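Number of protein chains: 2
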Amino acid sequence: MSTPTDISSIIDGILKNDRVRLGRAITLIESTRADHQQTAQEIIEKCLPHAGDSYRIGVTGTPGVGKSTFIDSMGNFLVEQEKKVAVLAIDPSSQRSRGSILGDKTRMEQLANHPQAFIRPSPAGATLGGVARKTRETIILCEAAGFNNIFIETVGVGQSETAVHSMVDFFLLLLLPGAGDELQGIKRGIVEMADGIVINKAETDRMELAKKSKQAYRNAVHLYPAKESGFSTKVELCSSLTGNGIEAVWKMLEEYQTFTKSNNYFNKRRAEQSKYWLLETVREGLLSSFFGNETITKAMTKVEAEVVSGKRSPFEAAEFLLNIFRKE
Amino acid sequence: MSTPTDISSIIDGILKNDRVRLGRAITLIESTRADHQQTAQEIIEKCLPHAGDSYRIGVTGTPGVGKSTFIDSMGNFLVEQEKKVAVLAIDPSSQRSRGSILGDKTRMEQLANHPQAFIRPSPAGATLGGVARKTRETIILCEAAGFNNIFIETVGVGQSETAVHSMVDFFLLLLLPGAGDELQGIKRGIVEMADGIVINKAETDRMELAKKSKQAYRNAVHLYPAKESGFSTKVELCSSLTGNGIEAVWKMLEEYQTFTKSNNYFNKRRAEQSKYWLLETVREGLLSSFFGNETITKAMTKVEAEVVSGKRSPFEAAEFLLNIFRKE
Chain C
1 MSTPTDISSI
11 IDGILKNDRV
21 RLGRAITLIE
31 STRADHQQTA
41 QEIIEKCLPH
51 AGDSYRIGVT
61 GTPGVGKSTF
71 IDSMGNFLVE
81 QEKKVAVLAI
91 DPSSQRSRGS
101 ILGDKTRMEQ
111 LANHPQAFIR
121 PSPAGATLGG
131 VARKTRETII
141 LCEAAGFNNI
151 FIETVGVGQS
161 ETAVHSMVDF
171 FLLLLLPGAG
181 DELQGIKRGI
191 VEMADGIVIN
201 KAETDRMELA
211 KKSKQAYRNA
221 VHLYPAKESG
231 FSTKVELCSS
241 LTGNGIEAVW
251 KMLEEYQTFT
261 KSNNYFNKRR
271 AEQSKYWLLE
281 TVREGLLSSF
291 FGNETITKAM
301 TKVEAEVVSG
311 KRSPFEAAEF
321 LLNIFRKE
Chain L
329 MSTPTDISSI
339 IDGILKNDRV
349 RLGRAITLIE
359 STRADHQQTA
369 QEIIEKCLPH
379 AGDSYRIGVT
389 GTPGVGKSTF
399 IDSMGNFLVE
409 QEKKVAVLAI
419 DPSSQRSRGS
429 ILGDKTRMEQ
439 LANHPQAFIR
449 PSPAGATLGG
459 VARKTRETII
469 LCEAAGFNNI
479 FIETVGVGQS
489 ETAVHSMVDF
499 FLLLLLPGAG
509 DELQGIKRGI
519 VEMADGIVIN
529 KAETDRMELA
539 KKSKQAYRNA
549 VHLYPAKESG
559 FSTKVELCSS
569 LTGNGIEAVW
579 KMLEEYQTFT
589 KSNNYFNKRR
599 AEQSKYWLLE
609 TVREGLLSSF
619 FGNETITKAM
629 TKVEAEVVSG
639 KRSPFEAAEF
649 LLNIFRKE
């Protein structure tokens with residue numbers, strides 16, 4: 001159990017950019033123990049006034065596209081310029097191994113050892129909602145600790161893109177060179193969600209292919225509806241291996257930030273995201289108190305069978321369950 | 329207010345295929361008055377044991393593809409064979425005019441006047457959830473009245489496809505001839521959801537184009553993951569204007585029904601849909617009792633502003649609101 005002294009020493013540590021204390025606080029966020037959760041919430045509330053002043057960048061793309069290598073390369077480029085970088089990940093499928101790609105430190109060894117960088121694997125969790133919440137709370141602490149360039153990698157497939165998109169200022173899609181089959185494996189919705197596209201692995205032998213892909217995507221993004229940000233989606237080439245193009249990608253990221261801060265979209269998007277997480281957490285809380293109720297669980301089994309067999313309309317059955325819940 | 333005598337006369341009427349009484353009962357379903365709603369629920373419960381034995385077919389496609397004309401043509405083909413047909417629609421955008429396309433009777437004049445057919449425009453409603461619920465309840469009454477071929481047309485754009493998909497046995501996508509730009513305007517997800525595709529308006533001058541489209545879609549659907557039904561998506565041509573191909577489409581619909589009844593997918597899908605609507609109604613009910621609570625509404629305004637300005641974390645704020653709700 002954490003005493004008040006512990007809590008203030010953790011908070012002090014975070015505000016002084018102490019990576020060990022930051023790590024301890026995140027462990028509390030990730031813990032399922034009620035007392036840990038309470039301590040974590042206190043720390044978060046204390047860190048909140050010092051959070052927010054950062055650039056949150058989401059990185060997505062299919063497995064094998066080189067997301068970790070890209071973030072490593074970009075991260076090293078940034079720390080060389082005296083910038084502070086935090087790397088987080090969302091991997092709702094990682095509860096078994098607890099090892100997301102980022103847990104595999106060899107992938108980001110150089111960056112992980114840099115004093116201006118902080119790397120944290122995806123938290124374990126049963127639900128995407130839970131994992132996403134922990135990641136979003138971790139962002140607050142990283143910002144309070146002064147890590148003002150935060151990369152969030154999507155690791156699991158499926159819904160994690162939406163979760164990451166709802167917590168970042170810029171959503172970056174990485175693709176492999178190869179025009180023609182470019183849409184394979186990437187849902188069209190993801191391309192539409194991207195604020196920028198980077199063709200990774202644009203190295204000598206694939207340069208022609210990469211250039212073709214770039215052109216194809218430039219044409220494709222024009223077909224999509226205009227973005228609310230007012231920033232037209234750019235397509236860049238890079239090689240995370242050689243570092244070529246990394247600077248151009250960062251320039252695109254900076255341009256976006258300047259542009260959306262001047263037209264106020266940056267703040268508008270953050271406000272919308274905060275509202276979204278407020279409502280989303282309320283929704284989850286309501287459902288979990290409903291389905292966590294023992295009387296409901298018992299009634300549910302019976303009612304569900306009646307609904308499935310057509311004896312009861314799903315609507316009447318739902319009202320019946322809601323009435324039980326209201327009385328509880 | 330309906331007296332018990334009224335209710336039993338309505339129920340008797342419905343079970344005797346009386347279209348006027350059926351219409352009156354649906355008006356009660358669509359009413360927002362509490363007493364009407366109560367009567368409607370009683371009628372639905374009484375009709376439930378007589379419902380379910382039908383073929384529910386959803387029809388979707390972009391505006392201008394000819395959904396109403398197709399359903400009119402298919403409906404006339406079916407009533408000529410002594411079959412009973414009901415046509416419903418889901419149009420969450422229709423609350424202003426209350427006039428969905430189906431409300432425009434001239435489009436289905438012939439079918440509307442046939443004694444074996446029953447046509448009902450989309451109910452008015454503020455939310456898609458509300459409109460969908462009313463439509464699903466209407467299906468129960470139509471089935472109890474013996475209309476055992478039920479067509480549900482998506483009218484509004486956007487989410488209504490998912491709502492219709494979650495209440496039908498077969499989800500039919502109508503497309504226009506024109507290979508090449510075939511995916512325009514249709515979300516990829518909709519094509520994947522379709523149990524069958526029909527290229528409409530395959531008339532003389534467009535026949536070549538229609539045939540090309542058919543081939544293109546046949547190739548395209550093979551790229552999608554196999555359907556849980558085990559039935560591979562077929563592509564048919566038809567002209568709702570001349571009636572050419574309507575019989576082939578019906579044959580496809582019948583084949584699907586026979587196939588999925590024999591492998592039990594038909595019942596499995598219905599059971600899943602019932603569970604889905606049970607949970608969906610619970611979810612909606614929980615949210616509406618939360619957001620309908622006056623104390624919550626007042627607290628919400630303040631809390632939301634604090635969250636947006638970064639003074640409060642969305643998660644802590646959500647817990648705060650949930651605690652108020654639990655105490656109420």
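Here the protein sequences come in this chain order: C and L.
Be aware that the first sequence starts at 1, since it is given in my numbering, and climbs by one per residue.
Be aware that the second sequence starts at 329, since it is given in my numbering, and climbs by one per residue.
We treat Cβ as the ideally placed atom computed from N, Cα and C, and that holds for glycine.
Only a predicted model underlies this, so the values are computations on that prediction, with no experimental measurement involved.
- Interface with chain C (9 Å Cβ-Cβ cutoff): Gly458(L) is excluded.
- Chain-ordered listing is empty here: chain L has no CB closer than 8 Å to the CB of Trp250(C), the nearest sitting near 26 Å.
- Think of a sphere of 8 Å around the beta carbon of Lys603(L): the chain C residues whose beta carbon falls inside it are Glu304, Val307, Val308 and Pro314, in chain order.
- With a threshold of 16 other beta carbon atoms within 10 Å, Leu322(C) meets it and is buried.
- In the DSSP annotation of this structure, the continuous segment of the beta strand (DSSP E) that includes Gly524(L) starts and ends at Gly524 to Ile527.
- Taken in chain order, the unbroken stretches of beta strand (DSSP E) that lie wholly in the segment 512-594 of chain L and span 3 residues or more are 524-527 and 562-565.
- Among the bridge pairs identified by DSSP, Arg384(L) is matched with Ile478(L).
- Gln601(L) counts as buried, since at least 16 other C-beta atoms from the protein chains shown sit within 10 angstroms of its C-beta.
- Per DSSP, Ala473(L) lies in no alpha helix (DSSP H) segment and is marked neither H nor E.
- Apart from the 5 residues on each side of it in sequence, Phe648(L) sits with its Cβ closer than 7 Å to the Cβ of Val631 in its chain, given in chain order.
- Taken atom to atom, the span from the alpha-carbon of Lys596(L) to that of Ile525(L) is near 22 Å.
- Within the segment 363-374 of chain L, the residues whose Cβ lies closer than 8 Å to some Cβ of chain C are Gln369, Ile372 and Glu373, listed in chain order.
- DSSP places Ala89(C) in the strand class (E or B) of the three-state scheme.
- Ile119(C) has Val87(C) as its beta-bridge partners, per DSSP.
- Chain order gives the chain L residues near Ala318(C) as Leu606, Thr609, Val610 and Gly613, where near means a beta carbon separation below 7 Å.
- Residue burial is scored here from C-beta neighbours: Gln444(L) has at least 16 other C-beta atoms within 10 angstroms and is therefore classed as buried.
- Three or more beta-carbon pairs drawn from the segment 161-175 of chain C and the segment 59-70 of chain C are found closer than 8 Å, and the two stretches are therefore classed as touching.
- Here Leu356(L) carries a helix assignment [DSSP, helix/strand/coil].
- Between Met495(L) and Ile468(L), the beta carbon gap of about 11 Å keeps them out of contact (Cβ cut-off 8 Å).
- Leu456(L) has no beta-bridge partner at all, per DSSP.
- Separation of Lys311(C) and Ile150(C) (C-alpha to C-alpha, rounded to the nearest whole angstrom) is 53 Å.
- Interface annotation for the segment 136-153 of chain C against chain L: Arg136, Glu137 and Ile140, criterion Cβ-Cβ distance under 9 Å.
- Contact between the segment 200-208 of chain C and the segment 291-299 of chain C is absent: fewer than three C-beta pairs spanning the two stretches fall below 8 Å.
- By the Cβ-count criterion, Asp12(C) is exposed, with fewer than 16 other Cβ atoms from all chains shown falling within 10 Å of its own Cβ.
- Close CB contacts of Asn345(L) within its chain, under the 7 Å cut and outside five residues either way in sequence, are with Ala473 and Gly474 (chain order).
- The secondary-structure analysis by DSSP pairs Phe398(L) with nothing; it has no beta-bridge partner.
- Apart from sequence neighbours up to five positions away, the residues of its chain that approach Gly243(C) with a beta-carbon distance below 6 Å are Ser73, ordered along the chain.
- If you look at Leu376(L), you'll find it isn't in any beta strand (DSSP E); DSSP assigns it neither H nor E.
- DSSP, reduced to helix, strand and coil, places Leu174(C) within a strand of the structure shown.
- Assignment of Gly292(C) by DSSP, reduced to helix, strand and coil, places it in the coil class.
- When the five nearest sequence neighbours on each side are left out, the beta carbons in the same chain lying within less than 6 Å of the beta carbon of Phe231(C) are those of Tyr256 and Phe259, in order along the chain.
- Minimum Cα-Cα distance from Val221(C) among the listed residues Ser289(C), Arg136(C) and Met193(C) corresponds to Met193(C).
- Put simply, the CB of Gly386(L) is far from chain C, with every gap to its CB atoms at 9 Å or more.
- The C-beta distance from Ser122(C) to Val155(C) rounds to 6 Å, short enough to meet the 8 Å contact threshold.
- Between Glu143(C) and Gly52(C), the beta carbon gap of about 6 Å places them in contact (Cβ cut-off 8 Å).
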